[in-house]
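I have placed the structure first, in the form of structure tokens, so that the comments after it can refer back to it.
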Amino acid sequence: MTLDEIDSLISELVAERMNLSHQYFEFARDIQPDSSLLCRQIISRCYYSMHHAARAVIFATRRGDLTSHEKVIKAIGKLFGSDMADLLLEQLNVRNTVEYELFAPDDIREIAKKSVHKAREFIKKCDLYIKERR
């Protein structure tokens, strides 16, 4: 396999990972936060949209994938700085809370709305980063 073929394959994989990120985000965005269960889904899908966008950035940069949530957060911190890493970590913690705790936070609807906003901004930054690398 030539270097050009490898570059092309990497570009395809990055695009597919970003596509998955966008699909998760669009799914979350389109859910109406009418119940605690639906809010939990919004928050979870928003986190995973961010996680996959981060993995796409890492793959585009390092030409290798990371699957560990903690390693992805650390790598994003090195590439983008602590603000992006902190945002991803915050959303991971929120996702963990709503997925594993029996009772949802009283303000879960507001948390879900904020998650959509944060995911949108995070993905935009990842999209821009990847676009500028081409």
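By the working numbering, the letter at position 123 of the sequence shown is numbered 123, and the numbering carries on one by one without gaps.
In this text, a Cβ means the ideal position worked out from N, Cα and C, and glycines have one as well.
Taking the Cα positions, Met1 is about 19 angstroms away from Phe59. Excluding five sequence positions before and after Val98, the CB atoms of its chain that fall closer than 8 angstroms to its own CB belong to Cys39, Arg40, Ile43, Ser44, Ala104, Pro105, Ile108, Ile111, given in chain order. Taking 4 residues as the minimum length, the alpha helix (DSSP H) runs contained wholly in the segment 18-91 are 36-62, 69-80, in order along the chain. Close CB contacts of Ile31 within its chain, under the 7 angstroms cut and outside five residues either way in sequence, are with Leu38, Gln41, Ile42 (chain order). Where Asp127 is concerned, the enclosing alpha helix (DSSP H) starts and stops at 108-133.
Ala104 sits in coil when the DSSP states are folded into three classes, being neither helix nor strand. Spanning the alpha carbons of Met84 and Glu12 requires a straight line of approximately 24 angstroms. Closest by C-alpha distance to Ser115, out of Ser8, Ile6, Arg17, Met50, is Met50. Closest by C-alpha distance to Lys118, out of Gly81, Leu89, Arg55, is Leu89. If the five residues before and after Ala56 are omitted, its C-beta is found closer than 6 angstroms to the C-beta atoms of Val14, Arg17, Met18, all from its own chain and listed in chain order.
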